[in-house]
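Numbering (my numbering), first residue to last: 7 to 498.
Even glycine gets a Cβ: it sits at the ideal position worked out from N, Cα and C.
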């Protein structure tokens, strides 16, 4: 539709003349689809089924390339289709199924008491129930993304096991010193609980910080995950010590014939002998750590300076960081459509297949039947000024709209000529079709084709410059408005 014959050959053929592009532009999608159900043909409204059949047909063509040629299929619809059928999520689930038992084994090794392992799942389940109950009312206010519930569960598992490990290892350490359960739990609440509160508060603040970002999905995710962290933190510092205080003796009671040689030996010793034994073991076990902490205690400023020097290379690069919006970075590297899209961006001005769109409107066109001021001589001058501003930003390959036919500029005189029957018949037809598709009431559409694949830092930088230019243009022409959109702008 938008690729007339005036497109130059080098835009569709690579520089080495080894690659060319075939652009498929479906113009009509059937709203009804037919498929078999229990032996009968059912016709229903199912555009998703048509898209699936279309993708299967195109992928079938890719399996039968011409002799001596290689076919690659890409584009945003193709990437979405392959992403839907990609097995990455399944592989991640398999990895979690493998890693969770491994983490529990490490947990068992560090805690040492089998019965104490009842507490972490109980804390996780209780925190999940409380967080879910609190998040249900929020879902009516800001509907969460489908990715939020599994992320919520992952955060709960990670923090719940982590905080439980803090509590139980400290509890076992104090118990090895023959400390009473009440005193042991008091230390847990005052010291370990303080550490958990600081850690959880910082993480919750980070999640709630998403409320300051201009994105609705991030708002809901930040709220839900922040509430999840707060629930996990509070139940870890309250429920876990309470259960240890109530059932600590039963949870730590040795089973028949169980207990390590170290525990049996310590049972035959006096208190002073047991304390000397364990303090000696601790000194041997943590000798390097004790030396490091003595150095930190002696020279605290030097320790801070050492940490700063370690992170100095990263800190030095912070001012140079650029915002990115490469949606393909999160996709599997070997996905065929992603590989083809990256090749497209390296060999062609790929922005012409994913253009930015600028919607221009006439503010004063409120009275019914009043002509669009953008389609007057003054409006054409304003739109030409806008096109010149975009050209000055750079990286613009071509534009399509009432004042631009790709590389050809259309001023008011040319527009009048093309719209009349006196001008060339071919241009009269092309320009008439363009006005039908790019002018609607008080709105005018301008498509901007850039020379790069509109993703990543380059796309973000161009988008910021273009929006700044549009604000300046609106200031010079108060009767008109301009908004920048399109798939590329949405991603950035």
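When DSSP labels each residue in this structure, what does residue i get in the three-state scheme?
{"i": "residue 219", "result": "coil"}
{"i": "residue 29", "result": "coil"}
{"i": "residue 449", "result": "strand"}
{"i": "residue 489", "result": "strand"}
{"i": "residue 252", "result": "helix"}
{"i": "residue 175", "result": "helix"}
{"i": "residue 24", "result": "coil"}
{"i": "residue 416", "result": "coil"}
{"i": "residue 455", "result": "strand"}
{"i": "residue 410", "result": "strand"}
{"i": "residue 235", "result": "helix"}
{"i": "residue 428", "result": "coil"}
{"i": "residue 18", "result": "coil"}
{"i": "residue 479", "result": "helix"}
{"i": "residue 71", "result": "coil"}
{"i": "residue 259", "result": "coil"}
{"i": "residue 96", "result": "helix"}
{"i": "residue 156", "result": "helix"}
{"i": "residue 168", "result": "helix"}
{"i": "residue 341", "result": "coil"}
{"i": "residue 81", "result": "coil"}
{"i": "residue 378", "result": "coil"}
I'd like the list of long-range same chain contacts for residue i, defined as Cβ closer than 7 Å, with 5 residues on each side in sequence excluded.
{"i": "residue 343", "result": "79, 80, 84, 85 and 88"}
{"i": "residue 263", "result": "Confidence in residue 263 is poor, its pLDDT being 41 and thus under 50, which makes the residue's placement too unreliable to answer from."}
{"i": "residue 428", "result": "none"}
{"i": "residue 539", "result": "Here the chain has residues from 7 to 498 only, and residue 539 is not among them."}
{"i": "residue 529", "result": "This structure cannot speak to residue 529, because the chain is shown only from 7 to 498."}
{"i": "residue 245", "result": "129 and 132"}
{"i": "residue 181", "result": "190 and 258"}
{"i": "residue 268", "result": "With a pLDDT of 47 at residue 268, under the threshold of 50, the modelled position of this residue cannot be trusted, and the question is left open."}
{"i": "residue 274", "result": "Below a pLDDT of 50, predicted positions are generally treated as unreliable, and residue 274, at 46, falls in that range; the measurement from the model is reported next regardless. Once the five neighbours on either side are set aside, residue 274 has no close Cβ partner at all."}
{"i": "residue 204", "result": "none"}
{"i": "residue 433", "result": "424"}
Within the continuous beta strand (DSSP E) that includes residue i, where are the two ends?
{"i": "residue 404", "result": "402 to 407"}
{"i": "residue 364", "result": "362 to 368"}
Going by the CB atoms, is the gap between residue j and residue i shorter than 8 Å?
{"i": "residue 170", "j": "residue 107", "result": "no"}
{"i": "residue 116", "j": "residue 175", "result": "yes"}
{"i": "residue 441", "j": "residue 417", "result": "no"}
{"i": "residue 3", "j": "residue 247", "result": "Outside the modelled stretch of the chain, which goes from 7 to 498, sits residue 3, for which no answer is possible."}
{"i": "residue 167", "j": "residue 109", "result": "yes"}
{"i": "residue 226", "j": "residue 151", "result": "yes"}
{"i": "residue 380", "j": "residue 486", "result": "yes"}
{"i": "residue 407", "j": "residue 482", "result": "no"}
{"i": "residue 238", "j": "residue 165", "result": "yes"}
{"i": "residue 364", "j": "residue 449", "result": "no"}
{"i": "residue 209", "j": "residue 235", "result": "yes"}
{"i": "residue 490", "j": "residue 473", "result": "yes"}
{"i": "residue 1", "j": "residue 386", "result": "Since the displayed the chain opens at 7 and closes at 498, residue 1 lies outside it and no answer follows."}
{"i": "residue 302", "j": "residue 309", "result": "yes"}
{"i": "residue 71", "j": "residue 77", "result": "yes"}
{"i": "residue 392", "j": "residue 479", "result": "yes"}
{"i": "residue 457", "j": "residue 401", "result": "yes"}
{"i": "residue 241", "j": "residue 136", "result": "yes"}
Tell me which residues share the same chain as residue i and place their Cβ nearer than 6 Å to its Cβ, disregarding the 5 neighbours each side in the sequence.
{"i": "residue 475", "result": "395"}
{"i": "residue 24", "result": "none"}
Can you give me the Cβ contacts of residue i inside the same chain, cut-off strictly under 8 Å, excluding the 5 residues immediately before and after it?
{"i": "residue 215", "result": "228"}
{"i": "residue 250", "result": "125, 173, 177, 187, 190, 191, 194 and 257"}
{"i": "residue 149", "result": "226"}
{"i": "residue 471", "result": "399"}
{"i": "residue 224", "result": "216"}
Can you tell me where the alpha helix (DSSP H) with residue i in it begins and where it stops?
{"i": "residue 393", "result": "383 to 399"}
{"i": "residue 188", "result": "187 to 193"}
{"i": "residue 300", "result": "293 to 304"}
{"i": "residue 91", "result": "From DSSP, residue 91 is part of no alpha helix (DSSP H); its letter is neither H nor E."}
{"i": "residue 200", "result": "199 to 214"}
- Could you tell me which uninterrupted beta strand (DSSP E) segments, each at least 3 residues in length, are contained entirely in the stretch 117 to 151, listed from first to last along the chain? Positions of the beta strand (DSSP E) runs, each at least 3 residues long and wholly inside the stretch 117 to 151, cannot be given because no such run exists.
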